[in-house]
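> One structure is given below, represented as structure tokens, and several questions about it will come after.
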Amino acid sequence: MLVKYSPATSCAFSSSSRHHCYHNRSHFACAPKSSPFPSWVLRSAESSLPSRYVCVRSSFQEDSGSSSHPQEMTTTHGVSETIIGVLGGGQLGRMLCQAASKMALKIVILDPMENCPASSLSYQHVVGNFKDGDAVCEFAKRCGVLTVEIEHVDAITLEKLEQQGIDCQPKASTIRIIQDKYSQKVYFSQHSIPLPDFMEINNLASAEKAGELFGYPLMIKSKRLAYDGRGNAVAHKKEDLSSIVNSLGGFEHGLYVEKWTPFVKELSVIVARSRDGSTLCYPVVETVHKDNICHVVEAPADIPEKTKKLSIDIAQKAVGSLEGAGVFAVELFLTQDGQVLLNEVAPRPHNSGHHTIESCYTSQYEHHLRAILGLPLGDPSLKTPAAIMYNILGEVDYQISYRHQYISGDYNTKSCNFSEFICLFSQREKRGLR
Ligand SMILES: Nc1ncnc2c1ncn2[C@@H]1O[C@H](COP(=O)(O)OP(=O)(O)OP(=O)(O)O)[C@@H](O)[C@H]1O
Ligand SMILES: [Mg+2]
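Under the UniProt record's numbering, the residue at position 247 of the sequence shown is numbered 247, and the numbers go up by one with no gaps.
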């Protein structure tokens, strides 16, 4: 087995504000070089919950005239002069910055954490809250195009900015629909996208009614601000409903239920959509979740051709119904009888597409930048027979040893050559394995 390492990069996160919520997500992916089996990428992540608008820290001083990069302020040498504004500076923002640097594009980010993952790689980091309308409006003045790396932003402000002529990609309407999982489900059902049955619940009587209609287990979901399964809970019987609802913050928090889908696989399709509406799809991948967090991504998914086609059709139809350019991830369930149902759509690069950096001709990050800038789309096909992204949470030592177990246990038996790509993030605050 040939294992090739690249030096790990690390990023430490401040934990100074009680508004901040940290979790450590390390993605360790494997993409094969010439054999059907993978090489690895280790990546990790950080997610933040914003605090209020704090201050602006830029990579240059606009008013001093003594910038260490005076030329940089006025000149770009990349494929586009447009300054790209990204709401959020987490791991996805960081990888957007990495892709931007290859094309000499300039990304400015808005994120409340001074040491957020994208901060050191961005052209400018405005320290502020992407949920704060004033902060977003102020930030937009710096940008030729505005995009997101997280959907939990102030969509109402984005809609107002669009009316004032600010270029948001994808469109604010898309962010607004998607950031509320229930409105997303309503929207896609109106566009005839196959979904698990779902129903809004406002009180115990309606929750019990849903239980009678859909049976148990019953998936209860928060409408908003959910990620990594936080905001989801399963009721196994009628008697669970009350406590589960309380654990999710009560009915006033905004809840709905979904019929339990006994899927045989979870699939994901990343779709790149250009400004003229044309789309390209990456190969369908399988995602395996552990504790509601994406644990492994296998590309391409080991599924029949007709399932691949069905998945891509559904993904294209779902993304085609939305407005704006960029990369979208379509999470899907495959059922025993070959049905494919949409779980949810993310209007941005996605953890099921990290592997594309090394395994595809054009990564999802480069595609997102190309799409929002109106540049021609690239080639989403795999340049290697297969790839695996492995997400390891927790201490670095634990991550490394777990990775070796994984390689030797699951892949070494296939006696193949590995190319391995590593990217580590870490932060000061750790919670168990997170
Ligand atoms: N209706 C359902 N039936 C069965 N399992 C489900 C259902 N909905 C969600 N799940 C499981 O829970 C996981 C997380 O659900 P969901 O995608 O709604 O949460 P999330 O918080 O958006 O997660 P992520 O940020 O990882 O996408 C899914 O990937 C799937 O494994
Ligand atoms: Mg999901």
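Note that beta-carbon positions come from the ideal geometry of N, C-alpha and C, so glycine has one too. Bear in mind that the values here come from a model prediction, so they are computed numbers and not experimental data.
What's the gap between the Cα of Phe-139 and the Cα of Val-127?
Rounded to whole angstroms, Phe-139 to Val-127 spans 10 Å at the Cα level.
> Keeping to the same chain, check which residues put their C-beta closer than 6 Å to that of Ala-346; ignore five residues upstream and five downstream.
Cβ neighbours of Ala-346 beyond the five flanking positions: Ala-329.
> Residues with a Cβ closer than 6 Å to any heavy atom of ligand 2, in chain order?
Cβ atoms closer than 6 Å to ligand 2 belong to Glu-331, Asn-343, Glu-344.
> State yes or no: is the C-beta of Met-219 nearer than 7 Å to some heavy atom of ligand 1?
Met-219 Cβ: within cutoff of ligand 1.
> Specify whether the region 249-267 and the region 184-196 touch according to this definition: at least 3 beta carbon pairs, one from each stretch, less than 8 Å apart.
Touching, yes, given that three or more Cβ pairs across the two stretches are closer than 8 Å.
> Is Val-228 near ligand 1, judged by its Cβ being under 7 Å from some heavy atom?
Note that residue 228 is Asp in the sequence shown, not Val. Correct: Asp-228 has its Cβ closer than 7 Å to ligand 1.
> From the DSSP secondary-structure annotation, give me the bridge partner or partners of Gly-231.
None; Gly-231 has no bridge partner.
> Are Val-284 and Ile-312 close, meaning C-beta to C-beta below 8 Å?
Yes, Cβ-Cβ distance for Val-284 and Ile-312 is below 8 Å.
> Buried or exposed, going by whether 16 or more other CB atoms sit within 10 Å of the CB of Glu-239?
Exposed.
> Give me whichever residues DSSP pairs with Ile-107 in a beta bridge.
For Ile-107, which the question treats as bridged, DSSP gives the partners Ile-84.
> Do you know whose CA, among Glu-331, Pro-385, Lys-221, Lys-209, lies nearest Ser-359's CA?
Comparing Cα positions, the closest option is Pro-385.
> With distances taken between CB atoms, is the gap from Gly-133 to Asp-167 smaller than 8 Å?
No, they are not a contact pair.
> Determine the direct distance from the alpha carbon of Ile-177 to that of Glu-200, and round the result to whole angstroms.
Each residue's alpha carbon lies about 16 Å from the other.
> So that I know if they touch, is there some Cβ in chain C lying closer than 8 Å to that of Ile-166?
Judged by its chain identifiers, the structure shown contains no chain C, having just a single protein chain.
> Report the residue from Ile-83, Leu-241, Cys-137 whose alpha carbon sits nearest the alpha carbon of Ala-100.
Answer by Cα proximity: Ile-83.
> When the Cα atoms are used, what is the spatial distance from Phe-421 to Gly-90?
In a straight line, the C-alpha of Phe-421 is about 20 Å away from that of Gly-90.
> Is Val-145 near Ile-175, with beta carbons less than 8 Å apart?
No. Outside cutoff.
> Quick check: what's the CA-CA separation for Gly-338 versus Ser-122?
If I take the Cα positions, the gap works out to 44 Å.
> Can you name the residues that DSSP bridges to Asp-337?
None; Asp-337 has no bridge partner.
> For Asp-302, which residues of its own chain have a beta-carbon under 8 Å away from its beta-carbon, when the five flanking residues on both sides are left out?
Counting only Cβ-Cβ distances below 8 Å, and skipping sequence neighbours, we find Glu-286.
> On the three-state DSSP scale, how would you describe Val-319?
In the structure shown, Val-319 sits in a helix (DSSP, three-state: H, G or I).
> State the Cα-Cα distance for the pair Arg-142 and Gly-88, rounded to the nearest angstrom.
Straight-line Cα distance between these residues: approximately 15 Å.
> Do Val-245 and Gly-272 have their beta-carbon atoms positioned less than 8 Å apart in this structure?
The question names Gly, but residue 272 in the sequence shown is Ala. Not in contact: Ala-272 and Val-245 (Cβ atoms no closer than 8 Å).
> CA-CA distance, Val-187 and Ile-392?
It is Tyr, not Val, that sits at residue 187 in the sequence shown. The straight-line gap from Cα to Cα measures roughly 34 Å.
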